[in-house]
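Notes follow once the structure below has been shown.
2 protein chains.
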Amino acid sequence: MTDAPKDRPQVLRETDDEARALARRLLRSARSCALAVIEPESGVPFASRALTGTDVDGTPVILVSSLSVHTRALRHDPRASLLAGEPGKGDPLAHARLTVVARAEEVARDAAGRANLRERFLRRHPKAKLYVDFPDFAFFRLVPERAHLNGGFGRAYVLEADDLLIRSPAVAALAAMEQGAVDHMNSDHAEAAGIYARHFLGERDGDWSICGIDAAGIDLAAGDRLRRLDFAAELSEAGELRGVLARLLKQARENEA
Amino acid sequence: MTDAPKDRPQVLRETDDEARALARRLLRSARSCALAVIEPESGVPFASRALTGTDVDGTPVILVSSLSVHTRALRHDPRASLLAGEPGKGDPLAHARLTVVARAEEVARDAAGRANLRERFLRRHPKAKLYVDFPDFAFFRLVPERAHLNGGFGRAYVLEADDLLIRSPAVAALAAMEQGAVDHMNSDHAEAAGIYARHFLGERDGDWSICGIDAAGIDLAAGDRLRRLDFAAELSEAGELRGVLARLLKQARENEA
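As you go down the protein sequences, you meet chains A and B in turn.
Letter by letter, the first sequence follows residues 19 to 275 of the working numbering.
Letter by letter, the second sequence follows residues 19 to 275 of the working numbering.
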């Protein structure tokens, strides 16, 4: 169940699979987000920008400096929300965006899973290698509690945390093999990323590579561009990955032939 | 004096005129902003996107629907902040952005100045004509209290409200003549907007027009593009406008000759 208020105006649409898929795509393809936190000294809601990635279970992750207002705020009060979805061309409000209401959890330096999270984040944001290990930088997981999708005028939906997260039992096994699978695809099947991006996401040509693999899909990057290709269904075991990636490639090639 | 906390980490730079000018430019050229408010039912900081303009005194203005979370929130608790500055290409954090901590004031339908504010907003956002007069839409002025500028890595500044607002005694007189002056420039000096955009803002050619004039500068629009040209100094009386616009045009033409 969602915690959304019961007395909200009745302009929300029934949340359907299309809305859920759009919400996941917005969140999983965000390079940065606008973050809202409570400023400790004043209590005011404070908006700022943060570099964004996702953990292997779909939880959004930010990399922030202790010297910033938002980091001090999150250490004082973990309530936060993030806004994903850039306005782009045309009417800024015609572009879909997603507000995720979340609870921030700082990732300890010695936490299990931090090494994988760090590698995954750096594949998405290679320039962050310059400062990720500075002592004042930290990762926070922004654990979703609910979300509000605005798909454009008159298209508002409320979502639950489960609509955004990856609940597959294969999450941990895939995390353990993620770096190896990414390296294998980008070296032995270097053409695959570009084929996925072109065929399934309508992208133009570019120097595409895979920067993330999890139980729900793959992250594709070409320079500044970041796109998310979600699988038709989450993998239920890690061993399915090879077959799914091969079938997607075969399907794209057949359709393009 | 700013209300910023005294115990913040000492990584702020001394606020100089260059930082102030950048902050004003970010705020005055925003088409939309990320807004942070306190959600009434939950108390969580809630981030969303809102269509943005400025009033004639530099105060940021948003046009919002009563059916949205942020409007309900602002009517319940006027504390807010807005984030101006889009990430654009390359590293999202290399792009300057500005957080303005503000107090929201709803603009009453019969308020003095609302007609001018509405016209000014619609010149900036012509598509908003479709819904601006719907009964559930309202303007809010987000009166700045202080601001935080992040001009890219290691370039953080705190600003005061006065750094962002236009304090000229000519504000009201210019508001009264704004629509006429805009119409005059766009019809009798139709080439001026493009010359200003190209010469002073480095813009490429396009169908530029002037969409706002105030005591501190002019707003220029070409399709989706919006640029702000601030005057070297605020006008101290409305009668100076014609001479300033003519001198800028002359200067651009001489430099381009």
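Glycine residues also receive a C-beta, built at the ideal position from the N, C-alpha and C atoms.
Here Phe171/B carries a coil assignment [DSSP, helix/strand/coil].
Comparing C-alpha distances from Leu116/A to each of Asp225/A, Gly170/A and Ala194/A shows the shortest one belongs to Gly170/A. Here Pro187/B is exposed. Its C-beta has fewer than 16 other C-beta atoms within 10 Å.
Under the DSSP assignment, Gly71/B falls in the beta strand (DSSP E) whose first and last residues are Pro63 to Thr72. Within the segment 74-92 of chain B, Leu85 and Val87 place their CB atoms closer than 7 Å to a CB of chain A, listed in sequence order. DSSP places Phe218/A within a helical segment (H, G or I) once states are collapsed to three. In the three-state reduction of the DSSP assignment, Val119/B falls in the strand class.
From the beta-carbon of Gly108/B, the residues of chain A found nearer than 7 Å are Asp242.
Between Leu85/A and Leu69/A the beta-carbon gap is near 15 Å, outside 8 Å, which marks them as no contact. The way I'd put it, the segment 129-144 of chain A doesn't touch the segment 70-78 of chain B; fewer than three beta-carbon pairs between them come closer than 8 Å. Residue nearest to Arg246/A within the set Glu221/A, Val79/A and Arg93/A is Glu221/A (criterion: CA-CA distance). In the DSSP assignment, Phe249/A is bridged to no other residue. Against chain A, a Cβ distance below 8 Å from Arg159/B picks out nothing, because the smallest value is about 17 Å. The segment 43-55 of chain B and the segment 91-104 of chain B touch, with three or more beta-carbon pairs separated by less than 8 Å. For Ile231/A, no chain B residue has a C-beta closer than 8 Å to its own C-beta; the minimum C-beta separation is roughly 23 Å.
The three-state reading of DSSP puts Asp128/A in coil, since its state is none of H, G, I, E or B. The continuous beta strand (DSSP E) containing Ser83/A extends over residues Pro78 to Ser83. No Cβ of chain A is located within less than 7 Å of the beta carbon of Arg173/B. Nearest CB-CB separation between Ser66/A and chain B: below the 7 Å threshold. Within chain A, no C-beta atom comes nearer than 8 Å to that of Val150/B; the closest sits roughly 12 Å away.
Less than 7 Å separates the beta-carbon of Val200/B from that of Ile228/B.
Residues of chain B with a Cβ closer than 8 Å to the Cβ of Val176/A do not exist, since the nearest Cβ in that chain sits about 10 Å away. Here DSSP, grouped into helix, strand and coil, assigns Glu274/A to helix. Pairing Glu255/A with Ala211/A, the inter-Cα distance amounts to about 22 Å. Collapsing the DSSP output to three states places Gly198/A in a helix.
No Cβ-Cβ contact shorter than 7 Å links Leu177/B with Ala270/B. For Leu238/A, there are no neighbours in chain B by C-beta distance under 8 Å, as the nearest C-beta there is about 17 Å away. When DSSP reads this structure, Leu160/A sits in a beta bridge with Ala122/A. In the displayed model, Asp35/A falls within a helix according to three-state DSSP. Apart from sequence neighbours up to five positions away, the residues of its chain that approach Ala122/B with a beta-carbon distance below 7 Å are Leu92, Pro96, Ala98, Phe158 and Leu160, ordered along the chain. Under the Cβ distance rule, Leu111/B counts among the residues neighbouring chain A, one pair being separated by less than 7 Å. Membership of Arg97/B in any alpha helix (DSSP H) is not indicated; the residue belongs instead to the beta strand (DSSP E) covering Arg97 to Ala102. Taking the Cα of Ser66/B as reference, the smallest distance to any Cα among Leu192/A, Ala190/A, His166/A and Leu44/A is reached at His166/A. Identification of chain A residues near Ser50/B by a Cβ-Cβ cut-off of 8 Å yields Pro105, Pro110 and Leu111, ordered along the chain. Residue range Ser50 to Ile56 is occupied by the beta strand (DSSP E) that includes Val55/B, with no alpha helix (DSSP H) assigned at that position. Residues of chain A with a Cβ closer than 9 Å to the Cβ of Ile213/B do not exist; the shortest Cβ-Cβ separation is about 25 Å.
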